[in-house]
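Undergrad: Respectively, the protein sequence lines represent chains A and B. Every position in the first sequence, counted from 1, becomes a number in the numbering used here once 8 is added. Every position in the second sequence, counted from 1, becomes a number in the numbering used here once 12 is added.
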Amino acid sequence: MTKTSALVARGVRLKRGSREILRGVDLHAETGELVALMGLSGSGKTTMLRVIAGLEPRDAGDVSAAKVGMVFQFHYLFEHLCAIDNVTLAPTQVLGVSMIDARRRALQLLDQLGVGHRAQALPRELSGGEAQRVAIARALAVDPPLLLLDEPTASLDPARRNDLGEALLQLAKSGRALVMTSHDDDFVRDFATRVVVLANGEVVEQGDPQRILSSPQHPATKELLQIERARKK
Amino acid sequence: MRTRLYLLVLLALAAAAPLGAQQILRWGGDAEGGAPFVEADPRDPSKLVGFDVEIAELIASKLGRTPQFLQVQFTSLDQSAKRGDFEIGLSGIEDIPARRQSLAASIPYYEFREVLTVRDGDRGRYRSLADLKGRRVATLGGTMAYDLLLDAERTHGITAVSYDDDVHPYSDLVLGRVDGVVLDNVLADRAMRRNTGLFTHPGALAVGHYIVITAPENTALRDQVDRILREAMKDGTLEAIFKKWNVWNEDQSELYARLVNAPSTPSTPGTLGTLGTPGTLGTLGTLGTPSTPGTGEKVRSYLPSLFRAALITLVLSFAAMALAVALGVLIATGRVYGDRFSRSLLTIYVEVMRGTPVLLQLFVIYYGLASMIRLPAFIAALLGLGLNYAAYESEIYRSALEAVPRGQLDAARILGFTRMQTLRLVRAPQAFRLALAPMTNDFVALLKDSSLVSMLTVVELTKQTQIFATNIGSWVIPGLLCALLYLAMSLPLGYLARRLEERWRMPTV
Numbered sequence: 009m010t011k012t013s014a015l016v017a018r019g020v021r022l023k024r025g026s027r028e029i030l031r032g033v034d035l036h037a038e039t040g041e042l043v044a045l046m047g048l049s050g051s052g053k054t055t056m057l058r059v060i061a062g063l064e065p066r067d068a069g070d071v072s073a074a075k076v077g078m079v080f081q082f083h084y085l086f087e088h089l090c091a092i093d094n095v096t097l098a099p100t101q102v103l104g105v106s107m108i109d110a111r112r113r114a115l116q117l118l119d120q121l122g123v124g125h126r127a128q129a130l131p132r133e134l135s136g137g138e139a140q141r142v143a144i145a146r147a148l149a150v151d152p153p154l155l156l157l158d159e160p161t162a163s164l165d166p167a168r169r170n171d172l173g174e175a176l177l178q179l180a181k182s183g184r185a186l187v188m189t190s191h192d193d194d195f196v197r198d199f200a201t202r203v204v205v206l207a208n209g210e211v212v213e214q215g216d217p218q219r220i221l222s223s224p225q226h227p228a229t230k231e232l233l234q235i236e237r238a239r240k241k
Numbered sequence: 013m014r015t016r017l018y019l020l021v022l023l024a025l026a027a028a029a030p031l032g033a034q035q036i037l038r039w040g041g042d043a044e045g046g047a048p049f050v051e052a053d054p055r056d057p058s059k060l061v062g063f064d065v066e067i068a069e070l071i072a073s074k075l076g077r078t079p080q081f082l083q084v085q086f087t088s089l090d091q092s093a094k095r096g097d098f099e100i101g102l103s104g105i106e107d108i109p110a111r112r113q114s115l116a117a118s119i120p121y122y123e124f125r126e127v128l129t130v131r132d133g134d135r136g137r138y139r140s141l142a143d144l145k146g147r148r149v150a151t152l153g154g155t156m157a158y159d160l161l162l163d164a165e166r167t168h169g170i171t172a173v174s175y176d177d178d179v180h181p182y183s184d185l186v187l188g189r190v191d192g193v194v195l196d197n198v199l200a201d202r203a204m205r206r207n208t209g210l211f212t213h214p215g216a217l218a219v220g221h222y223i224v225i226t227a228p229e230n231t232a233l234r235d236q237v238d239r240i241l242r243e244a245m246k247d248g249t250l251e252a253i254f255k256k257w258n259v260w261n262e263d264q265s266e267l268y269a270r271l272v273n274a275p276s277t278p279s280t281p282g283t284l285g286t287l288g289t290p291g292t293l294g295t296l297g298t299l300g301t302p303s304t305p306g307t308g309e310k311v312r313s314y315l316p317s318l319f320r321a322a323l324i325t326l327v328l329s330f331a332a333m334a335l336a337v338a339l340g341v342l343i344a345t346g347r348v349y350g351d352r353f354s355r356s357l358l359t360i361y362v363e364v365m366r367g368t369p370v371l372l373q374l375f376v377i378y379y380g381l382a383s384m385i386r387l388p389a390f391i392a393a394l395l396g397l398g399l400n401y402a403a404y405e406s407e408i409y410r411s412a413l414e415a416v417p418r419g420q421l422d423a424a425r426i427l428g429f430t431r432m433q434t435l436r437l438v439r440a441p442q443a444f445r446l447a448l449a450p451m452t453n454d455f456v457a458l459l460k461d462s463s464l465v466s467m468l469t470v471v472e473l474t475k476q477t478q479i480f481a482t483n484i485g486s487w488v489i490p491g492l493l494c495a496l497l498y499l500a501m502s503l504p505l506g507y508l509a510r511r512l513e514e515r516w517r518m519p520t521v
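(1) Could you give the distance in angstroms between the alpha-carbon of A/G50 and the alpha-carbon of A/V212?
(2) Is the CB-CB distance between A/L30 and A/G52 below 8 Å?
(3) At which residue ranges does the region 417 to 444 of chain B contain complete alpha helix (DSSP H) runs of 4 or more residues, listed in the order of the chain?
(4) Could you tell me whether any Cβ in chain A is nearer than 8 Å to the Cβ of B/P417?
(5) Please list the terminal residues of the continuous alpha helix (DSSP H) segment that includes A/A61.
(6) Between A/D93, A/R66, A/G77, which lies nearest to A/R24 when the distance is taken from Cα to Cα?
(7) Is the distance from the Cβ of B/L185 to the Cβ of B/V193 below 8 Å?
(8) I need the boundaries of the alpha helix (DSSP H) containing B/S466, first residue and last residue.
(9) Compare the C-beta of B/A423 against all C-beta atoms of chain A and say whether one is closer than 8 Å.
(10) Would B/S462 pass as a contact of B/L397 if the rule is Cβ separation under 8 Å?
(11) For B/A332 and A/M107, I'd like the C-alpha separation in whole angstroms.
(12) Under a three-way DSSP split, which group does B/R77 fall into?
(13) Can you tell me whether A/Q128 is buried or exposed? The criterion is at least 16 other CB atoms within 10 Å of its CB, across all chains shown.
(14) With distance defined between alpha-carbon atoms, name the residue in B/P120, B/R312, B/G346, B/H213 nearest to B/M432.
(15) Could you say if the region 87 to 100 of chain A and the region 441 to 451 of chain B meet the contact criterion of at least three C-beta pairs nearer than 8 Å?
(16) So for A/V150, helix, strand or coil by DSSP?
(17) Kindly list, in the order they appear in chain B, the residues whose Cβ is closer than 8 Å to that of A/Q101.
(18) So is A/L35 in contact with chain D if we call contact Cβ pairs under 8 Å?
(19) Relative to the alpha-carbon of A/T39, which residue among A/V205, A/Q178, A/F195 has its alpha-carbon at the smallest distance?
(20) Measure the C-alpha to C-alpha separation of B/L144 and B/Y138 and round it to an integer number of angstroms.
(21) Between B/L241 and B/R206, what straight-line distance do the alpha-carbon atoms span, to the nearest angstrom?
(22) Just verifying my parser: in three-state terms, what is the DSSP assignment at B/F49?
(23) Say whether chain B places a C-beta atom closer than 8 Å to the C-beta of A/V59.
(24) Mind checking the region 78 to 92 of chain A against chain B and listing, in chain order, the residues whose C-beta falls within less than 7 Å of any C-beta there?
(25) Return the CA-CA distance between A/R126 and A/N170, expressed in angstroms with no decimal places.
(26) Taking the CB atoms as reference points, tell me whether B/K460 and B/Y404 lie closer together than 8 Å.
(27) Which runs of the beta strand (DSSP E) at least 3 residues long sit entirely within the region 198 to 227 of chain B? Give them in chain order.
(28) What are the start and end residues of each continuous beta strand (DSSP E) run of 3 or more residues lying completely inside the region 115 to 147 of chain B, in chain order?
(29) Please list the terminal residues of the continuous alpha helix (DSSP H) segment that includes B/R239.
(30) Are B/D176 and B/G209 touching if we call contact CB-CB under 8 Å?
(31) By Cβ distance, which residues of its chain are closer than 6 Å to B/I426, with the 5 residues on each side in sequence left out?
(32) Hey, could you find the ends of the beta strand (DSSP E) A/G32 is sitting in?
(33) Is A/R219 helix, strand or coil when you go by DSSP?
(34) In terms of DSSP beta bridges, what is A/V187 paired with?
(35) What does B/P441 reach in chain A if we use C-beta pairs closer than 7 Å?
(36) Please name the residue, chosen from B/V61, B/L37, B/R125, B/I343, that lies closest to B/G76 on a Cα-to-Cα basis.
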């Protein structure tokens, strides 16, 4: 598989009032990669995702990204539509795909993610894990080369976490770039292909997850891991 | 010394008793009726003047009491008398059978003629009710004249239009909203002085009388009033009063001659016809109306018009609500998506409509704008209610639009939806579900507020009930029927809304 850049961001800066959220962040992602953005809350990782998605204006820097799909921490499914209608809405209304084709593709995606049997369920009837997979299917339905996920493990129990990890790796292998935020170091170690640690709006450390998370160099990374260990006990 | 003081105290007490409790005679009337009946003195608005005021004062002085006026809306005078709000009522009150049945009524003190007034240019064309076939003819609601017009609806094919006052029938005649007015000659004379370009045909369509009313059990007071009126007829006091107010004519001399010589409470021919012996009139009234034999038939005869009025209420409410929903959606969308200028303009509209009484808005639309645009009553009513409720609906939609989570809008944006698509496909459908319950509440409120349009001569359910009640002299059956009809309209709506709400229940995030 040839690697192409799905995302190149350079020197991204963003201020809210007098507070600097992002102070010159560089971030790139190639197809086949599952990049994990880590950092304490307030480090700017979610904001960085939103800047890449075009939901936040940036004050400085360049972002060149392919078409983006995004899965939110709280999923934000369209509450008035059942699972499959959530998935088919954008392909039919934005891309002009026929309803028959859109439904066939949607069912395929939902099946792949293990929620095909919930196609007719309304969002409020879905569990957290199911809702998340429907949200992933909705994002994938418009075939974005770059998929952003905000804290995808937050609403999952440990067994479901592994399923999700496998599914994300599968998506990366099928020719996409994935960027996720996470505070779960075990998940990142097991599944991410690269980790980027943010602290106070700056990248402080990045590289292979095994190496970085086993022997952290930056104090912020150490603190992050300490807090995560304490939380897990 | 001590005994003399004791006696003085006793005397003072004896004198004080009538001074405090007995001396006041509360009399009811409607000052809105205006001159020559009862009106605020133009020179000193705290004082009342009019021939009814002078007759009330005459009765009070003959009884050795001080008159005290109580303002009661004209259409409520009967009910108010029955409740005992006042002891005697007089304000151009007509002698009709229902009134004699449910109240103690005096002998007539004035005879009037129902006359037809038309625009000057039409005097040759419209000479009788028969000439007015297919035309709108106005009068004051709850009067003999109104009954006369209802009869003419059947016999001559006119349309009767009922007003809550006697000024607007004539002003609307001038404006061309109606083509004729039937009211008594006293009111017609007054209208002729106020308006130009009107002509009143001299012939009488019917003859009626003004009377004094008292509570049904108060026949003793009624008899005293009769005696006082007879004396005043004999000694010319009444003649002087009516001459002063320019309403004296030969009809009165003949009426007085008949009454002064009659042995006991006489009645107008109509009343005699429907009731038995003249002597039992007062006592019949005290038995209460629902038990009298004619009531069942009267109720049955009123049912069709009551159903028709309910249909008007329903059609008006649905049409006004449709207007309110359509406008409300536009206003809400403008306030959420519009630029600063349109946002502030729409905010002003909403605050003005919510901050002023809907009744005032109805008056402005119907009467206030009449010089620019003469809206038919039903259209004015629909517009008034629709424009008012649009403000409330827009607030519901606005908050419902804002209740749809931002995250969903972000999700839609990333998926490539335009703002319009997001509104149409994501935001509005969810907002509509959230708005459903408050909308239903508003619709039920509108259904009831629609009774206000009777002020614009639209006879809807409440107005028809009021007419019904006035004519049979009791609120019990009309009130019950009216309540049942309103419930029959509002309960299914509430049920439907609950069902839809359950089906579309939104998570409470």
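Note that the Cβ used here is the ideal one computed from N, Cα and C, for glycine as well. Being a predicted model, the structure only gives us computed values, none of them experimental.
TA: Reading it off the structure:
(1) Here residue 50 of chain A refers to the residue found at position 42 of the first sequence. Here residue 212 of chain A refers to the residue found at position 204 of the first sequence. Those two C-alpha atoms are separated by around 14 Å.
(2) The count along the first sequence starts at 1 and reaches residue 30 of chain A at position 22. The count along the first sequence starts at 1 and reaches residue 52 of chain A at position 44. Contact: yes.
(3) 418 to 426
(4) Start at 1 with the first residue of the second sequence, and residue 417 of chain B comes out as number 405. With 8 Å as the cut-off, B/P417 counts as an interface residue toward chain A.
(5) Working through the first sequence from its first residue, we reach residue 61 of chain A at position 53. That run of the alpha helix (DSSP H) goes 53 to 61.
(6) Residue 24 of chain A sits at position 16 when you count from the first residue of the first sequence. The candidate whose alpha carbon is nearest that of A/R24 is A/R66.
(7) For the purposes of this step, residue 185 of chain B is taken as residue 173 along the second sequence, with counting starting at 1. For the purposes of this step, residue 193 of chain B is taken as residue 181 along the second sequence, with counting starting at 1. Yes, the Cβ-Cβ distance between B/L185 and B/V193 is below 8 Å.
(8) Translated into positions along the second sequence, residue 466 of chain B becomes position 454. Where B/S466 is concerned, there is no enclosing alpha helix (DSSP H), given that its DSSP letter is neither H nor E.
(9) To locate residue 423 of chain B, count along the second sequence from 1; it is residue 411. Yes, B/A423 counts as interfacial toward chain A.
(10) Counting from one through the second sequence, the residue named residue 462 of chain B turns up at place 450. Counting from one through the second sequence, the residue named residue 397 of chain B turns up at place 385. Yes, Cβ-Cβ distance for B/S462 and B/L397 is below 8 Å.
(11) Position 320 of the second sequence, counted from the first residue, corresponds to residue 332 of chain B. Position 99 of the first sequence, counted from the first residue, corresponds to residue 107 of chain A. Between B/A332 and A/M107, the C-alpha separation is close to 38 Å.
(12) Residue 77 of chain B sits at position 65 when you count from the first residue of the second sequence. Residue state, collapsed to three classes: coil.
(13) The sequence position of residue 128 of chain A within the first sequence is 120, counting from 1. Classification of A/Q128: exposed, given that the 10 Å Cβ count is below 16.
(14) Indexing the second sequence from 1 puts residue 432 of chain B at position 420. Nearest option by C-alpha distance: B/G346.
(15) yes
(16) The sequence position of residue 150 of chain A within the first sequence is 142, counting from 1. Looking at A/V150 - three-state DSSP - the assignment turns out to be coil, as it is neither helix nor strand.
(17) Locating residue 101 of chain A in the first sequence gives position 93, where the first residue counts as 1. Ordered by position in chain B, the residues that pass the 8 Å Cβ test against A/Q101 are F429, Q433, L437.
(18) As a matter of chain content, chain D is missing from the structure shown, whose protein chains are A and B.
(19) Numbered from 1 along the first sequence, position 31 holds the residue referred to as residue 39 of chain A. The option with the nearest alpha carbon to A/T39 is A/Q178.
(20) Here residue 144 of chain B corresponds to residue number 132 of the second sequence, with the count starting at 1. Here residue 138 of chain B corresponds to residue number 126 of the second sequence, with the count starting at 1. Spanning the two alpha carbons is a distance of roughly 6 Å.
(21) In the second sequence, residue 241 of chain B corresponds to position 229, counting from 1. In the second sequence, residue 206 of chain B corresponds to position 194, counting from 1. Rounded to the nearest angstrom, the two C-alpha atoms are 31 Å apart.
(22) Residue 49 of chain B sits at position 37 when you count from the first residue of the second sequence. Reduced to three states, the DSSP call for B/F49 is coil.
(23) In the first sequence, residue 59 of chain A corresponds to position 51, counting from 1. Closer than 8 Å: no.
(24) M78, F80, F82, Y84, F86, E87, H88
(25) Against the first sequence, residue 126 of chain A aligns to sequence position 118. Against the first sequence, residue 170 of chain A aligns to sequence position 162. Cα-Cα distance, rounded: 20 Å.
(26) The residue given as residue 460 of chain B occupies position 448 in the second sequence. The residue given as residue 404 of chain B occupies position 392 in the second sequence. No, the Cβ-Cβ distance between B/K460 and B/Y404 is not below 8 Å.
(27) 210 to 212, 218 to 222
(28) 122 to 131
(29) Indexing the second sequence from 1 puts residue 239 of chain B at position 227. Run containing B/R239: 231 to 246, per the alpha helix (DSSP H) assignment.
(30) Numbered from its first residue, the second sequence carries residue 176 of chain B at position 164. Numbered from its first residue, the second sequence carries residue 209 of chain B at position 197. Result no, Cβ atoms of B/D176 and B/G209 do not sit closer than 8 Å.
(31) One-based indexing of the second sequence puts residue 426 of chain B at position 414. So the list is empty, once near-sequence residues are dropped.
(32) If you number the first sequence from 1, residue 32 of chain A lands on position 24. Segment 27 to 38, the beta strand (DSSP E) holding A/G32.
(33) As a working mapping, residue 219 of chain A is identified with position 211 in the first sequence. The answer is helix: DSSP assigns A/R219 an H, G or I state.
(34) As a first step, residue 187 of chain A must be located in the first sequence, where it is residue number 179. According to DSSP, A/V187 bridges with A/V43, A/L156.
(35) For the purposes of this step, residue 441 of chain B is taken as the residue at position 429 of the second sequence. Residues of chain A passing the Cβ test: H88.
(36) As a first step, residue 76 of chain B must be located in the second sequence, where it is residue number 64. Of the candidates B/V61, B/L37, B/R125, B/I343, the one whose C-alpha sits nearest the C-alpha of B/G76 is B/L37.
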